[in-house]
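Take a look at the structure below.
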Amino acid sequence: MALTGRRLEVDRIATLAVLPRESAMVVVGDPGSGRSSVLDAVSNRVSLPVVRVGVNGSESRWPLAGVTSLFTALDDPRATAHIAHLLQTGETAVPVTAGLAAAHDFLDAVHALTLPPTLVLIDDLDRMDVESQELIAFLAGRLAGTALRVVATVRSVPSDGPLAALPALRIEPLPSDEALILARTMAPEEANDGVLAVLAAETGGNPGALREQLAVLSREQLTGAEPIVLPLRPTPTTEALAALALGSAAGRDLDVLAKLALVPVAKTTAWDRDELDDLVGAGLATVRGQSVTVRDPLVRSSLYWRMPARDRRAAHAALATASAESDPRAAAWHRSFVDDVPDVVALLSAARSYVVDGNVHAAIALTERALHVGGGTEDELVALLGVAEALLGNRLLGFAARYLAALRPFRTTAHEVRRLRLQYSAQYLSGDAVHADELLVSVDATEPADVDAVAGLMAMVACFRAEAWELDQAKDLLHRVEPLEASASPHTLEITTTARELIAAIDGTLPSDTDLHDGLATSVLLAMSDPTLLLLAHALSIAERYRSARRVFALVLARGPQTAPVWTEAARYLTAENEVRSGNFRQALRAIDVWEAGSSVVERLREPSRAIAIAWRHFAEGRSADALAVVDRCLEHRSTSRLWGATAKLHALRGRVLLLDGRLEEAAAALEAADAIGRSLRNPAVLRHLGDLVEAYARLGRIDDARTITARLAADHHARPGRWGALVLPRSLALVADDTTRDTARRRALELFQPHDSQFERARTFAALATVGNPAERPRLGAAAAAAYEAAGMRRPLVTPAPAAAMPPFGTGPSLRSAPVLSASMPGTPRSAPDASAVLTSLTAEERAVVQKVTEGYRNREIASSLFMSQRTVELRLTQIYRKVGARSRSHLVALLT
195 MALTGRRLEV
205 DRIATLAVLP
215 RESAMVVVGD
225 PGSGRSSVLD
235 AVSNRVSLPV
245 VRVGVNGSES
255 RWPLAGVTSL
265 FTALDDPRAT
275 AHIAHLLQTG
285 ETAVPVTAGL
295 AAAHDFLDAV
305 HALTLPPTLV
315 LIDDLDRMDV
325 ESQELIAFLA
335 GRLAGTALRV
345 VATVRSVPSD
355 GPLAALPALR
365 IEPLPSDEAL
375 ILARTMAPEE
385 ANDGVLAVLA
395 AETGGNPGAL
405 REQLAVLSRE
415 QLTGAEPIVL
425 PLRPTPTTEA
435 LAALALGSAA
445 GRDLDVLAKL
455 ALVPVAKTTA
465 WDRDELDDLV
475 GAGLATVRGQ
485 SVTVRDPLVR
495 SSLYWRMPAR
505 DRRAAHAALA
515 TASAESDPRA
525 AAWHRSFVDD
535 VPDVVALLSA
545 ARSYVVDGNV
555 HAAIALTERA
565 LHVGGGTEDE
575 LVALLGVAEA
585 LLGNRLLGFA
595 ARYLAALRPF
605 RTTAHEVRRL
615 RLQYSAQYLS
625 GDAVHADELL
635 VSVDATEPAD
645 VDAVAGLMAM
655 VACFRAEAWE
665 LDQAKDLLHR
675 VEPLEASASP
685 HTLEITTTAR
695 ELIAAIDGTL
705 PSDTDLHDGL
715 ATSVLLAMSD
725 PTLLLLAHAL
735 SIAERYRSAR
745 RVFALVLARG
755 PQTAPVWTEA
765 ARYLTAENEV
775 RSGNFRQALR
785 AIDVWEAGSS
795 VVERLREPSR
805 AIAIAWRHFA
815 EGRSADALAV
825 VDRCLEHRST
835 SRLWGATAKL
845 HALRGRVLLL
855 DGRLEEAAAA
865 LEAADAIGRS
875 LRNPAVLRHL
885 GDLVEAYARL
895 GRIDDARTIT
905 ARLAADHHAR
915 PGRWGALVLP
925 RSLALVADDT
935 TRDTARRRAL
945 ELFQPHDSQF
955 ERARTFAALA
965 TVGNPAERPR
975 LGAAAAAAYE
985 AAGMRRPLVT
995 PAPAAAMPPF
1005 GTGPSLRSAP
1015 VLSASMPGTP
1025 RSAPDASAVL
1035 TSLTAEERAV
1045 VQKVTEGYRN
1055 REIASSLFMS
1065 QRTVELRLTQ
1075 IYRKVGARSR
1085 SHLVALLT
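Numbered according to the numbering used here, the sequence shown terminates at residue 1092, and the numbering increases by one at each position without gaps.
So this is what it looks like as structure tokens:
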């Protein structure tokens, strides 16, 4: 299993291993933090010989047992003699000088060994005997001339201990994002994602504690069929970590902390502020505003279950009384342990208010408690529905889906429609297909409010069907809504209208902007709700009206706190998608970064929307291998129950990356898969795979297949014309043209582009035509493609195109910024064209470094930061470079070197 997280820690240790000087480091981590896993990752990463030293705790009472283990692991023929000498010296030395003599003997013994540069990894050094710890610490400070790099892991480093003088690297708990990812890799496939998020939070980012909790929970608890008892019952790792954390606490602090551990979160007004300040100063409690909680959930778990049950109940009763006025939500929690018939509705109402306040940890604890003590009455289920609704509104899809699964159908139409609306929304936002079997039969509703709810539900599902490219089913649902529109609310009518616009956009028949909402008047748009604005903007983006879509998305994002987080999340993602479709990769990369930074893994929309966005970012930055890894990982987890449209987009993106990487057979296979899924879609501008498929076939020599696909593209474009088709169809015709019409077709393909058109598609046209051009034209077309790619915002390594085509390869290495500079000359290049190797030879090392960054798409400010120089220095060096190589501009420089 690959190591989750810890990338910075592994990088730092690996860097120590390749330094020219011998050095040492102590890696400090709590029990269960994954110290051994970090060493495993390092040993697989470095190229040096690695010596791994394990520690047997039972040998800690034997003097020098650890040193003998180290010498044995070094595997040098003279090591045995050194071991015997050290042991004999230790027995005969005078006590006053024994330590110093043994230390120097040990150091001399290591110097006497003839070792290549070697990395020594010692796991749990603090479990060795004291004598060995002192000798190894002595050696670690005097490694010069030994060829050793020493890294040792410990649980703690006492300030007066032998290791205190060595550089230390602290392994912190995993962030919540990485803890959830780790939980997903450890848990059974059927585990509920909301349950895993609870476990990730309640184990405090400790991998060892998380692994133990996954092992002790029942299958029913892992799948969400049964509630989880919180706080979690302590495991060995929990107790070991709590013992370390509580070791320095005074008795009074423990008494106060033990009472504080009885509640997930409490208001400070119910507690003695001086005592809380003492706990905060000791690092045992956290105060945020007017709330206080035990800082480490594992410490809370240990303290909670350490208290006898009778004492816990008495403490709950006392705290319920004390907090009744000042903290009613905490009082509801405490009363649930005291009352014979707990007030579950009050508990769930408190949980919902915690979600609204942003305290999800407390909300989940109260909800799990409610499930544990509740009787499943209608009122309780309605209250649970409210919690799920609040969680979904705050984009906590895993938690929302967990509690929606605990609900059963309601008797009343309003509550049942509300449940279905949340259930379908959670399914769609998670990337699952929305089957909505409940809507296959007519819904009887007589009250106007019920009629409105049913109409809104069907309109919402129609949007989901449209997104899945099931346009006939979407139209059928909207047809069933028509008789209900007389009783529908303005909001429902808005949803119905924009649903029809979305269907029209996907079908390629969206009316012009002047015919939409009074010409997209700002006053009309401002009066619309967030979901209807998002549907409208998405429809405009699909219809290739990127500026209009950008404006409507901006209206949603400008509303700020007024907009529910789930709509803000959707607006950020769809904004990024709009920029990708427009070919404005620079803006797309910024939008993707904003989207990623604005939410955690727990909150973020799940695959495939995120997979497509992140893969596009890798692709645009020249990291093809990373892009393909993201797409392939997402495709592995998709099945026929998932959205076909999203699956087709993943295959189409995979095919495009492979095509630009020159892997034509694989590209054709991926594009054919996308075509098979999206064959019923008649609007070619939605999936945008046919142009790539034509190019793949043409470059493979399958001209008949390429002409067949071109004919399909032409028919679809003429039936549903759009700007993308108007640009890509001539390119495809040029690729399949015969000798008599090729020149005319190529000129037409190039002449169509206007300044506002996609620079990416312009670059694609230049590069594709280079594959069918004569050798004398390839350098010119390749240079034009490189300049257009740069204008589109695509970063790529400095490479020379292959003779068969002037299209620059993308992502040849695992990382763009570590890509090497390649400078082979291209056969067929005219003598007047400068040779890349000659150009680079004329530059100094500093100028070549600047050139490398320029070809990777860095701006001057980024170059200055990465090369540790001022921006003015970068500008001066670029001026010198232009003069030396005869470049007129930045893009011309890139063209000369490609």
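Where a beta carbon is used, it is the ideal one built from N, C-alpha and C, also for glycine.
All of these numbers come straight from a predicted model, not from anything done at the bench.
- Counting along the chain, the unbroken alpha helix (DSSP H) around R925 starts and ends at R917 to V930.
- Taking C-beta atoms as the reference points, A846 and L865 count as a pair closer than 9 Å.
- Here V481 carries a strand assignment [DSSP, helix/strand/coil].
- R206 and R215 have their alpha carbons spaced roughly 15 Å apart.
- Counting the other CB atoms within 10 Å of its CB gives L565 a total of 16 or more, which places it among the buried residues.
- Q484 sits exposed, since fewer than 16 C-beta atoms from the chains shown fall within 10 Å of its C-beta.
- Using a Cβ-Cβ distance cut-off of 8 Å, the stretch 229-248 and the stretch 370-381 are not in contact, since fewer than three pairs of beta carbons, one from each stretch, lie closer than that value.
- One Cα belongs to T716, the other to R694, and the distance between them is close to 21 Å.
- Contact fails between the stretch 348-363 and the stretch 376-390, because fewer than three Cβ pairs, one in each stretch, are under 8 Å apart.
- 9 Å or more divides the Cβ of V348 from the Cβ of A334.
- Between A436 and L473, the beta carbon gap of about 15 Å keeps them out of contact (Cβ cut-off 8 Å).
- Within the same chain, A957, F960 and A961 come within 6 Å of A979 by CB-CB distance, once the 5 residues on both sides are set aside.
- Following the DSSP letters along the chain, one finds T312 in no alpha helix (DSSP H) but inside the beta strand (DSSP E) bounded by residues T312 to I316.
- If you ignore the 5 residues before and after L728, its C-beta comes within less than 7 Å of the C-beta of V750, W761, A764, A765 and L768, all in its own chain and listed in chain order.
- Taking a C-beta distance under 9 Å as the contact criterion, R925 and E889 qualify as a contact pair.
- Judged by DSSP in its simplified three-state form, V645 adopts helix.
- V221: member of the beta strand (DSSP E) spanning A218 to G223, first to last residue.
- Collapsing the DSSP output to three states places L242 in coil.
- Bounds of any alpha helix (DSSP H) do not take in A346; it lies within the beta strand (DSSP E) bounded by L342 to V348.
- Sixteen is the threshold: when 16 or more other Cβ atoms of the shown chains lie within 10 Å of the Cβ of S803, as they do, the residue is buried.
- Exposed is the label assigned to S1064, since fewer than 16 other Cβ atoms lie within 10 Å of its Cβ.
- For R364, the enclosing beta strand (DSSP E) covers residues A362 to I365.
- Here DSSP, grouped into helix, strand and coil, assigns D234 to helix.
- DSSP, read as helix, strand or coil, puts A559 in helix.
- CA-to-CA, the gap between G816 and A346 works out to about 38 Å.
- T463 sits in a helix when the DSSP states are folded into three classes.
- Considering only F813, L633, R246 and A594, the residue with the shortest C-alpha distance to M652 is L633.
- From the listed residues P677, L678 and V655, the smallest Cα separation to Q667 is found for V655.
- By alpha-carbon distance to R972, the top candidate from I808, A1089 and S1083 is A1089.
- Runs of the beta strand (DSSP E) lying entirely within the stretch 466-539, each at least 3 residues long, are 479-482 and 485-488 in chain order.
- Residue state for V718 is assigned as helix, using DSSP reduced to three classes.
- The beta-carbon separation of D323 and S230, rounded to 20 Å, does not stay under the 8 Å limit for a contact.
- A contact between stretches requires three or more CB pairs, one per stretch, nearer than 8 Å, and the stretch 911-924 meets this requirement with the stretch 939-950.
- DSSP, reduced to helix, strand and coil, places V824 within a helical segment of the structure shown.
- Under the DSSP assignment, I422 falls outside any alpha helix (DSSP H); it carries neither an H nor an E label.
- By the Cβ-count criterion, N553 is buried, with 16 or more other Cβ atoms from all chains shown falling within 10 Å of its own Cβ.
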